[in-house]
Every structure is written in C-alpha cells, then in structure tokens.
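2 protein chains.
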Amino acid sequence: MIGPATYFRPEHRPALDDRTRSLIDRREAVLSPGYRLFYAHPVEFVRGSGTKLYTRDGEEFLDVYNNVPAVGHAHPRVAAAIAEQAARLNTHTRYLDESLIDYAERLIGAFPPALDTLTLVCTGSEANDLALRVATHATGARGVIVTENAYHGVTTAIAAISPSLGGDDSLAAWVRTVRPPLGDGTAMVADAERAIAELQAAGHGVAALIVDTAFASDGFIAPSPATRAALAAVAAAVRAAGGLVIADEVQPGFGRLGATVDDPGLWGFLRHGLDPDLVTIGKPMANGHPVAGLVARRPLMAEFGASVRYFNTFAGTPVSVAAARATWEVLHDERLPENAAAVGAELLAMLGELQARHARLRGARGAGLYLGVDVVDPATGLPDTEAAVALVSGLRERRILISASGRDNAALKIRPPLPFSRADAERFVTELDGALRDLGS
Amino acid sequence: MIGPATYFRPEHRPALDDRTRSLIDRREAVLSPGYRLFYAHPVEFVRGSGTKLYTRDGEEFLDVYNNVPAVGHAHPRVAAAIAEQAARLNTHTRYLDESLIDYAERLIGAFPPALDTLTLVCTGSEANDLALRVATHATGARGVIVTENAYHGVTTAIAAISPSLGGDDSLAAWVRTVRPPLGDGTAMVADAERAIAELQAAGHGVAALIVDTAFASDGFIAPSPATRAALAAVAAAVRAAGGLVIADEVQPGFGRLGATVDDPGLWGFLRHGLDPDLVTIGKPMANGHPVAGLVARRPLMAEFGASVRYFNTFAGTPVSVAAARATWEVLHDERLPENAAAVGAELLAMLGELQARHARLRGARGAGLYLGVDVVDPATGLPDTEAAVALVSGLRERRILISASGRDNAALKIRPPLPFSRADAERFVTELDGALRDLGS
C-alpha cells in the first residue's frame, strides 16, 4: 500500500511494480528534475476514448480531470482531420491557406463584434504573453492587476504575473493583486482602486487587468449579479486609469461553463458581463494539439502590428488549423456546451446531496463542467489539504482521475472532457462517496 | 505584372487574380493586421512532398526556404506516426509514457555527457524563454549578451533580447550586443569584455551569453578555427563573470549544418567548439509539429525545479512525441545530415561558380544546407536590398521559394528541406542564374 500524495516522490519507489519503477528510473535519468508525475502510484495510459483512459492491462479510468481533450480523448473526427492534413501539407501563415481563413471566420463569429481579429499562437502562455505585450504597447504603461491566486502561464513575463506559482516574492514590481469577486464583490473593487493608485504612484501606470473568467485558481467563482457588478466596476476603474481588460479564457473558454440553446455563449466573460479588449484562448481549442490564440479589437492589433514584428512559426499551420476546425465542429455537432450545462447541473446537485451526507465536503459550486468542492476538517470547517490529497489518491485507486486545487490545495477540481455523461457523473459521485467512507468520514 | 516585394501590400491587390484577391480580403477581415503574406503575388499551396510544394492548379514549386519540414514536406512516416497516435491517445507528461522516455533517451544520447536533461516545450520562443529563466535563476543576475543582429524569439522576455526585431530601442536595459565572430574574431571578444564590464557596472551582472550557432541573422558564419577561438574566449569571459552559455540550436540543430559518417554531430555548437550550459532546440524537431526543447546540465535544472513550478500543458504529449520520434528516425534512416553535407557542399560550389559570372552575387558561404549569398550593387559592391527583393520575386515567378535575410535584407537565405538533391540544387542555380539575367546583371 502506497500512502496518499498528489505527486510521486522517491519514498514511494519501493512499493511500485517493476515496470513502473523501471519507467520512472529511465525517465528521471533523461528528463529535467522539474518534471513531476501524478500520484504516489503513477499511472501509465496507452489508449483513450471519450471520457475514459485505459492502462496497458486494460483497466478503465474515468477522467474527471483533463480539460484539454475537451471533445473526448482521441476523438475520431479530430484524429482523422489531423491525419489527413499531416499527410498532405503543413506550412505556415505566410502562404495563403483557405482553411485558416475559414476557421478564423467561424471563431471570430462567436465573439462580440468589437472583438474582431484573431492571432494564433501555440500555447496559453504564449497567448497571455502576447496579450500583455499588446497592452503594454498600447498603453505605454506596464502595471498589471491580477487576482490574488491567479495562474496565467509560464513564460518569464507571465510567470511574473501569476501569484499562484510562487507567492508575492516572485511577482514583478509592477504587479498588484486583488481579491476575486467573492461575496458582494466590494472587496475586489476596493482592492482594484488601491492597486491602481499604487501602480500610478510607483510610476508604472496601468497596462491591464487580466482575469481568468472561471477564477479557477481563486476557488471557482460562478457568474452572478455580484460578479457582474464587481467586474464592471473594476473594468471601469482600470479603463479610467488608461488600462485595458484582458479575459483569460484558456481554461473556461469553448463552452466548459455550459451553454443553452438560447444562450450558446462559449466564453466566461460573457457570463460575467465583462467587455474585454483582449481575450486569450487555448487548452481545449484543438483537443490537445498545441493551438492557442488571442482575439482582440482591431485598432490594438493594427497599432501593435505597425511597429512590432510578430511571427509564430508553428502557429496557424494547416495541421494545427485542421485540429482546431475539427474540434470546433465536434463541439457544435455533438452539442457539448449544452451537455456541459445539463450534466454539470445534475452533477452539482449530486455533489450537493453528497455534502449533505459528508461533513468533509462543503461549498460545491461552479458552472457547466467546471466545478469545485472544498474538502474540510469536519470539526473546524477549515480546509483540510491532507484529506483532499487522500481523496485524490483514494479515487485513483478507484480508477477516477481528479485533482486538488486552490490556495490550500484542498478543493477538488472537477473538469472532465465535455462528453461527460449522467452515467459518468453517477459513477464519479459513487466512487467519491466510497473514498469519503474509506477516509472514515 | 506585379512589382517585386518581400511581402504583400495593399497596392499589389489590383493585379491579383479573383481567387487570391478574395482569399486575402477574407483573411484581412478576421486575422490580426500583424499577419503578413510572402510576395506581392502571394502563393497558395495545397500539397507538399519532399522538397516540393504544389498549388491548387498543380504548379510545382521547389522549396529552398522552409527549414521546418526538415525531413521533407508531409513525410509519410511522420504523418503516419501522428495519425496513429492521435487516434489512440494524447495526454500529458504527468502520466507515464514510455514513448516520451524513449525519445528523450535517444535525443540526450546525441549530446555531450554533461548536457544530460531534457525539458520539452512547444516553440523555440518558449525554449529560449525558459533557458533565460533558468540562467537568471541560477546566476542571480539578469544581464544578457547577444550578437548584434540576433533573433531568438517573440515572447516578451525574448523579443527584448532580439535586436533584429526592432533595433536597440526595443532591447531591455540589461542587454548588451556584441559583433558576431567574423574575421579573426577579436572584435567579438573585445565587445564581450566591454559588455561584461558595462553589465557589471550597471548592477545587472551577467546571466548569460546566448548565440544562434549558425549566426543566421548575423550573416551566416560557418565554423572555423577563428570562430572556435573567439567563442571559447567569450564563453570563458562570461563564465568568469558568473554567467552561463546558451547555444540556440533552434535553426542550426538536427543536422542542417551537415554531418559526415565520421562526425555525425547534429548541433552547431559542436562545430564551433562551444561547450554550452543550456541548449535550445526547435523548428525541425518534429517536422512542423509544435515541438521544441531545452537540453541542460542537470544541476541547473535541479536547482530551478526545486524552487520554480514549470509545467507546459501541450509539451511532451504522446502525439508531439510521436511526431518528434518519427522525424528523428527519418533523419537518421535517410541519412539527411550526411545529405546536407554532401549536397550543401555541391550547392556552395555551384554558387561560387555563379558569383564568378554575376557581379551581383558575392560571399557565398555557410555549412551544410544552411547557406547565404550576398546580393550587391555591382558598381559599389555594397548590399543591394532592392536587387535582393527583385531576385526573391523573380524566383517566385520561376517557382522557386527563397527569402532575403540579414541586417540589410540583402542576403539570399538558402535553407531547404534536408532531402534536397543534387538535381534540386541544379534547378535552383539554373533559375537563380535566369533571375539574375532578368535583372540585367
């Protein structure tokens, strides 16, 4: 028996089977020591389909963790599109390619009219890095306002505005943090006013406010009248100070927060009533193929493009576009945002029932298939990181993939591929119930 | 007839055929204004194979420009590997995946023993950005030394060390430029000593020297005893100042500079006798699939990994690894680095003959299939940008893809896919001869 852990550590090695131990030894000999493996007992998958992943021995795992393969693991239409295009042609955006244009037209058509230009990049980090370059260029300022536990990526410039990566010490001098729009949202507004004043006093000025519109690392904040009011007030203050508003849709975008036939909006900023100048998109955009992008108001990109040369070799290539186009088509044809809304609501209700029976769970929340639930100490009601890690490990042994997240690493993060079914939701809740019982709660 | 231009501009529009004009109109309506198209008369390709690209009308172009599809356009083995894996599984590096380990073992085996760890990323920009983060972290300094017309990428941090993007004004305060190792190399050494002194005096310290080992944007400098001596002296001075040495192999790496059976080294730094601490790789690594990497000394990455969380969602995924592995296998099985050495030498000799007959060409140089030749004013011998652009345009009409490069945009940059044959070289030189005659030279 291997004890619970979010990541593999050397002390877990003796309990491993020979193959796993051998793979880990080989891996550690050639990969950077920075690489980490999930679980004290790492898993090796060889096949995926829909919401399921399969090991070499044929064990089936239910995936409640992976948001990147949004239309389902190894979706045959996406795989076929990639295969067909890779066998035919892959160049770059300096030659004409109708498929790129066609994809951009469809994507831009899903945004408000003012957000009318697309720039493709390869990763969410590149998208946020470019958005910040554009904002800095347009405003002549460099101050950035982020939420207090935000994560926006790993380039030098973006790690320096991502407090979740390493606390305030690692933030650039021109970054200020604000509380997310919790409660009545007034705390965020007050923090933003203070941040703006500080940035101006320090001579940095205000280049941008950037928010993950799911507020995932800040604890999952679902849209509400309060978030609308708070974000509108903060955006107005930022704009009054000369700054721009960047919506980071890398995680919430492409329908994860759910959509209805009447309201098919694919983006978190729409649900919070935010009116951004720049929107970054990524993770689920091509179901795992490295595709991300920046959707922006034309005047900003015209001014940037007139004085800055930006060319991204691997971005917008025919194979990448084929992957993104097929993903887009499947998302719509299979009505996955609508499924996210329907199954997400059912799952949220099931979690509500479960937390009524288990004092260890509290605060089930979220939207669509992007949900969170806190794991707490039943005696104190405080976040219980140890119990959350034990639940993640217990669920791994029950063949459910999930992770813990949030400031205390004590919230279960629920963000499965979007074809997640009601049966999947029931299986997950049954196993979570079992894992809670195993914990003695 | 459309006049010569490196990039399409609005004034070229009237001369276009209806389809091209319509595609450009649609493209400009949805893509960022920063996007550019090659040529006054842009091209649209629908198929590629080996060193050839084909238009919708079946016109065949010889590709002397594209270094990314290094093992040939739409190589069937690479396409099949991508197709097979995309249909089976694509996850991330936090689960075990033997194919990732297997690829990393092969790749690391092609480096000197001290360069013993791999970190995969998605683009060359991300690789250089990470290398600089690691160097800054390891040294506690932030000063960077680059060659005077260097290009290393487009993230915020890397654009700020890339003088070729926009002149010294756009460089960060902690960047100093040095001349490349031309002539006897003493200028580079003197510049580096000055740069180190300045960085230390300004309180920046020296984090790193970073060099593209083909010195492509600095005019293509082939390895020689002088480059070895200069680079060794500069590296020693940088290390004495506490800095690290980064070799940017994004363009020269994976055998483009040629290799022999006796000396199969795939990296430019080996040819210049450089002993780097960090090596970045990219463009040809997976034949166009977005894969890049950082190869580094283990202690650097252990220290970085112990205090910095770095996870790149799309990097090292099974499909990306399948593309990189197949590319690696084809590169070796088809002996493409050896072909680069053999055909490159023949092509360099042909260019020498051509410049003996055309006073507009001068200074044919380079290594393997990474060659350059200057286009000059025959009267003055000075770089002639206009003539270079006219040659690029003339060659486009002759169905040869090539570009102009260098500080004056007056050097023809020759870097075809590596299966480039002797017949391809002859076809290119014949058409270049014709384009020169069309110019009246």
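First to last, the sequence lines map onto chains L and V. The opening residue of the first sequence carries number 1 in the working numbering; numbering runs sequentially from there. The opening residue of the second sequence carries number 442 in the working numbering; numbering runs sequentially from there. Even for Gly, the Cβ is constructed at its ideal location relative to N, Cα and C.
Identify whether residue i lies in helix, strand or coil by the three-state DSSP scheme.
i: S49 of chain L; result: strand
i: P778 of chain V; result: helix
i: D849 of chain V; result: coil
i: L171 of chain L; result: coil
i: E770 of chain V; result: helix
i: D97 of chain L; result: coil
i: H289 of chain L; result: strand
i: T156 of chain L; result: helix
i: G813 of chain V; result: strand
i: I883 of chain V; result: The displayed coordinates of chain V run from 442 to 882. Any statement about residue 883 of chain V would go beyond what the structure contains.
i: D377 of chain L; result: coil
i: E501 of chain V; result: strand
i: I414 of chain L; result: strand
i: H514 of chain V; result: strand
i: V43 of chain L; result: coil
i: I161 of chain L; result: coil
Determine the extent of the beta strand (DSSP E) in which residue i is found, giving its start and end residues.
i: V279 of chain L; result: 278 to 281
i: V686 of chain V; result: 685 to 689
i: A208 of chain L; result: 208 to 212
i: T701 of chain V; result: First-last for T701 of chain V: undefined, no H or E at that position.
i: R118 of chain L; result: Strictly speaking, residue 118 of chain L in this sequence is Leu, with Arg absent from that position. Element bounds for L118 of chain L: 117 to 121.
i: I145 of chain L; result: 144 to 147
Output the distance between the C-alpha atoms of residue i and residue j, rounded to the nearest integer angstrom.
i: T560 of chain V; j: L541 of chain V; result: 11 Å
i: R335 of chain L; j: W267 of chain L; result: 15 Å
i: M442 of chain V; j: A74 of chain L; result: Any reading at M442 of chain V must be qualified, since the residue scores a pLDDT of 45, below 50, and its modelled position is unreliable; the value itself is stated next. So the alpha carbons of these two residues sit roughly 48 Å apart.
i: A379 of chain L; j: A324 of chain L; result: 48 Å
i: Q85 of chain L; j: A322 of chain L; result: 7 Å
i: R13 of chain L; j: A5 of chain L; result: 13 Å
i: L537 of chain V; j: G757 of chain V; result: 11 Å
i: E59 of chain L; j: V46 of chain L; result: 10 Å
i: P604 of chain V; j: G714 of chain V; result: 25 Å
i: P483 of chain V; j: G368 of chain L; result: 44 Å
i: L300 of chain L; j: V175 of chain L; result: 22 Å
i: G434 of chain L; j: E397 of chain L; result: 11 Å
i: A195 of chain L; j: I161 of chain L; result: 14 Å
i: P10 of chain L; j: V749 of chain V; result: 19 Å
i: R239 of chain L; j: I400 of chain L; result: 44 Å
Is residue i close to the ligand FMN? I mean its beta-carbon at under 7 Å from any heavy atom of the ligand.
i: V652 of chain V; result: In the structure on display, the ligand FMN does not appear, and there are no ligands present to speak of.
Which residue comes first and which comes last in the alpha helix (DSSP H) that contains residue i?
i: G807 of chain V; result: Here G807 of chain V belongs to no alpha helix (DSSP H); instead the beta strand (DSSP E) covers 802 to 808.
i: V392 of chain L; result: 385 to 397
i: L199 of chain L; result: 186 to 201
i: R427 of chain L; result: 422 to 438
i: E129 of chain L; result: It is worth fixing the name first, because residue 129 of chain L is Asp in this sequence and not Glu. 124 to 139 is the extent of the alpha helix (DSSP H) around D129 of chain L.
i: F710 of chain V; result: 709 to 712
i: F304 of chain L; result: 298 to 307
i: V238 of chain L; result: 225 to 240
i: D18 of chain L; result: 18 to 30
i: E84 of chain L; result: 76 to 86
What does residue i reach in chain V if we use C-beta pairs closer than 8 Å?
i: A131 of chain L; result: Here the premise fails: no neighbours, minimum Cβ distance about 10 Å.
Which bits of chain L does residue i rub up against, with CB to CB less than 8 Å?
i: T742 of chain V; result: The sequence given here has Met at residue 742 of chain V, not Thr. Within chain L, the residues near M742 of chain V are S32, P33, G34.
i: I542 of chain V; result: L23, R26, R27, V30, L31
i: I549 of chain V; result: V30
Going along chain V in order, which residues have a C-beta closer than 7 Å to the C-beta of residue i?
i: Y310 of chain L; result: G475, V595
i: F304 of chain L; result: G475
i: A404 of chain L; result: Ordered by position in chain V, no residue passes the 7 Å Cβ test against A404 of chain L, which lies about 14 Å from the chain.
Chain L partners of residue i, CB-CB under 7 Å?
i: R579 of chain V; result: Note that residue 579 of chain V is Ala in the sequence shown, not Arg. Here the premise fails: no neighbours, minimum Cβ distance about 13 Å.
Check the Cβ of residue i against every Cβ in chain V and list those closer than 9 Å, keeping chain order.
i: P69 of chain L; result: N531, T532
i: E105 of chain L; result: R467, A470, V471
i: N66 of chain L; result: T532, H533
i: P290 of chain L; result: C563, T564, H730, P731, V732, T754, F755, A756, T758, S761
Going along chain L in order, which residues have a C-beta closer than 9 Å to the C-beta of residue i?
i: R739 of chain V; result: S32, P33
Pair every Cβ in the stretch 804 to 819 of chain V with every Cβ in the stretch 837 to 853 of chain V, then say whether three or more of these pairs are closer than 8 Å.
With the cut-off at 8 Å, the stretch 804 to 819 of chain V and the stretch 837 to 853 of chain V touch.
Using 8 Å as the threshold, is the stretch 574 to 590 of chain V in touch with the stretch 131 to 145 of chain L, meaning 3 or more CB pairs across them?
These segments do not touch.
Stretch-stretch touch, CB-based, cutoff 8 Å, three pairs: the stretch 725 to 733 of chain V with the stretch 656 to 669 of chain V:
For the pair of segments examined, the stretch 725 to 733 of chain V was found not to touch the stretch 656 to 669 of chain V: the number of CB pairs separated by less than 8 Å stays below three.
Is the stretch 784 to 791 of chain V touching the stretch 856 to 869 of chain V in the sense that three or more CB pairs, one from each, lie closer than 8 Å?
Yes, the stretch 856 to 869 of chain V is in contact with the stretch 784 to 791 of chain V.
Kindly confirm or deny that the stretch 643 to 661 of chain V and the stretch 585 to 596 of chain V touch, where touching means at least three C-beta pairs closer than 8 Å.
Yes, the stretch 643 to 661 of chain V touches the stretch 585 to 596 of chain V.
Do the stretch 242 to 251 of chain L and the stretch 204 to 211 of chain L touch if we need at least three Cβ pairs shorter than 8 Å?
Contact between the stretch 242 to 251 of chain L and the stretch 204 to 211 of chain L is present, because at least three Cβ pairs lie under 8 Å.
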